[in-house]
Amino acid sequence: MFLFILIVPVIAFFIFNAIVHLYYALKLNKKYPEEHDIRNSCFTCILWVISGFLYPFYFPLDDSDFYIFGILSFIFICVVTPFIIFLILFYQYLFVFKKKPEISEIRTIDNLLREFHSRKRKDDNFKNLPLKVDFKRKVLHLFPASVIIFIWVFSVYIWEGIWKANIVWGISGLKFADFLIITAGFSGIFVFAALDYVRLSYIFENHNLFFLIPSNVMILLSKSMKKRELYEFTKPVAMVLALAPLYFLDFSIFVSAALIATVGDAAASLMGLKFGKYHFPKNSQKTVVGYLSGFCTAFFTALVSLIIFSHSLNGLKVFFLSFIGAIVFLLIDILNLKIDDNILNPLLCGGVMGIFFYLI
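First residue of the sequence shown: 266, per the working numbering; consecutive thereafter.
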């Protein structure tokens with residue numbers, strides 16, 4: 266009963282973020298209708314709500330061994346994370362802004378836009394986007410998947426395998442990985458979401474907190490985002506939320522979806538940008554080289570993930586599931602739908618692979 270009481274605030278926290286996200290999206294769409302994509306924002310809002318209602322199922326109430334970790338997860342998500350966000354912003358206000366008030370005139374969206382224009386980075390011509398900038402964008406997108414794999418390896422092979430901590434805590438390395446991945450994942454997207462709310466607050470003339478964004482974050486934004494993305498929420502939030510429902514599938518499928526959505530997308534984008542000459546469709550920014558690179562990378566990424574993280578599949582099933590995942594990724598890339606591929610790739614690739622995983 267006590268754990269159930271703790272879970273309710275977490276669900277409310279997710280729903281609150283969905284409402285705030287939607288409010289910001291409507292404001293952005295009203296002020297920048299050409300730059301902001303309201304459809305993706307609406308899908309992200311839905312994912313916020315879904316993730317919130319799925320949260321209790323990550324920590325079953327009838328699992329007494331997992332009880333304390335459910336409490337710890339609540340503390341980290343609803344107490345520690347907001348406190349860290351508050352400390353970051355409070356520090357920026359008290360020790361940066363108060364000492365140098367003119368910084369509010371320096372750290373502005375207009376100055377950031379001028380920096381973009383000075384670098385001649387324009388979204389309407391993808392070829393003008395430097396390869397190194399796109400590489401930095403893709404590395405940022407790869408961060409969630411990298412953290413997931415690191416946590417799993419640490420929990421299974423170090424926490425349990427070397428330290429034998431499972432004997433002390435009474436849960437396996439796999440369950441400890443569940444706790445860390447869910448807690449770190451959701452805490453992380455709350456941090457990203459909070460920074461987005463501050464970054465996008467330039468839409469409120471009387472409550473603009475844009476100047477509270479730390480300088481190093483501003484530099485990262487200017488070097489790793491396209492101009493159009495300044496009017497959007499950061500992509501890692503949508504990607505992690507899209508991955509959340511897939512965590513109930515076999516872990517090998519979950520990891521495959523995460524890596525296909527990041528590594529496969531990065532290969533398609535970077536190889537197409539560097540070597541692509543033949544566009545398909547003809548007037549599209551997509552290239553044949555990009556399609557082939559994305560497909561091959563998605564296939565081999567899924568293949569390696571299934572081999573490493575699943576011990577219940579034979580070689581033929583591993584090959585088939587990898588091929589299915591790569592085909593779905595290729596179709597999404599070719600169709601070039603209006604919905605953000607950071608949402609579509611993990612959901613559809615992981616979902617289809619998961620269906621076939623349990624059917625074959």
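Every residue, glycine too, gets a C-beta built ideally from N, C-alpha and C.
* Asked: Using DSSP with H/G/I as helix, E/B as strand and the rest coil, what is H472?
  -> coil
* In angstroms with no decimal places, state the Cα-to-Cα distance between V505 and F331. => 23 Å
* **Integer Cβ distance of G438 from G426, believed to fall under 8 Å** => Rounded to whole angstroms, the Cβ separation of G438 and G426 is 7 Å, and the two are in contact under 8 Å.
* Closest residue to C310 among I608, G616, I620, C614 (Cα-Cα distance) -> Here the closest residue by C-alpha is I608.
* Asked: Over what stretch of residues does the alpha helix (DSSP H) that includes I427 continue unbroken?
  -> First-last for I427: undefined, no H or E at that position.
* So is E497 buried or exposed if we call it buried at 16+ other beta carbons inside 10 Å? -> buried
* **One or two residues paired with T552 in a DSSP bridge** => H544
* Asked: Is the number of C-beta pairs between the stretch 443-459 and the stretch 345-365 that are closer than 8 Å three or more?
  -> yes
* Looking at the unbroken alpha helix (DSSP H) that takes in A509, where does it start and where does it end? -> Per DSSP, A509 belongs to no alpha helix (DSSP H) and is neither H nor E.
* DSSP state of R372 mapped onto helix, strand, coil -> coil
* **A503 to L312 span [Cα, whole Å]** => 8 Å
* Please classify N393: is it buried, with 16 or more other beta-carbons within 10 angstroms of its beta-carbon, or exposed? => Caution applies to N393, whose pLDDT of 49 falls short of 50 and renders its modelled position unreliable; the value that the coordinates give is listed next. Exposed: under 16 other Cβ atoms inside 10 Å.
* Asked: Mind checking A277: buried by the 16 CB within 10 Å criterion, or exposed?
  -> Around the beta carbon of A277, fewer than 16 other beta carbons lie within 10 angstroms, which makes this residue exposed.
* Complete runs of the alpha helix (DSSP H) confined to the stretch 279-337 [at least 4 residues] -> 303-323
* Asked: Taking the Cβ atom as the reference point for each residue, do V528 and T562 lie within a distance shorter than 7 Å?
  -> In this structure, T562 lies closer than 7 Å to V528 by Cβ.
* Smallest Cα separation from L568: which of V583, S575, G616, L407? -> V583
* alpha helix (DSSP H) containing Y356: first to last residue? -> 346-356
* Neighbourhood of L460 by C-beta, 6 Å cutoff - its chain only, sequence neighbours within 5 removed -> none
* Might you give, ordered along the chain, the residues of its own chain that have their beta carbon closer than 8 Å to the beta carbon of N431, omitting 5 neighbours on each side? => W424, E425, S437, G438, F441
* Using the C-alpha atoms, what's the distance from I468 back to K296? -> 8 Å
* Asked: By Cβ distance below 8 Å, which residues in the same chain neighbour I374 in space, the five residues on each side in sequence not counted?
  -> Y467, F475, L495
* Asked: G611 to A507, Cα distance in whole Å?
  -> The residue you asked about is not Gly; residue 611 is Pro in the sequence shown. When rounded, the distance between both Cα atoms is 6 Å.
* To do: Could you give the DSSP three-state label for E380: helix, strand or coil?
  => helix
* Would you kindly work out how many angstroms separate the C-alpha atoms of S489 and G435, rounded to a whole number? => 43 Å
* Alpha carbon to alpha carbon, what distance is there between F408 and I478? -> 20 Å
* To do: Please work out which residues of its chain come closer than 7 Å, Cβ to Cβ, to P510, disregarding the five sequence neighbours upstream and downstream, and give them in chain order.
  => I315, L319
* Coarse secondary structure for F498, derived from DSSP in three states -> The answer is coil: DSSP assigns F498 none of H, G, I, E or B.
* Residue range of the alpha helix (DSSP H) that D605 falls in? -> No alpha helix (DSSP H) contains D605, which DSSP labels as neither H nor E.
* Put P366 into one of helix, strand or coil per three-state DSSP. => coil
* Three-state secondary structure (DSSP) of H576 -> coil
* **Between the CA atoms of K492 and L378 - distance to the nearest angstrom** => 7 Å
* Contact under 7 Å by Cβ, F588 with S517 -> In this structure, S517 does not lie closer than 7 Å to F588 by Cβ.
* Chain-order list of residues whose beta-carbon lies under 6 Å from that of I446 (same chain, five-residue window excluded) -> I413, I416
* Going by other Cβ atoms of all chains shown within 10 Å of its Cβ, with 16 needed for buried, is D328 buried or exposed? -> exposed
* Please determine, among Y422, I597, R372, N473, the residue with the shortest C-alpha to C-alpha distance to A533. => Of the candidates Y422, I597, R372, N473, the one whose C-alpha sits nearest the C-alpha of A533 is I597.
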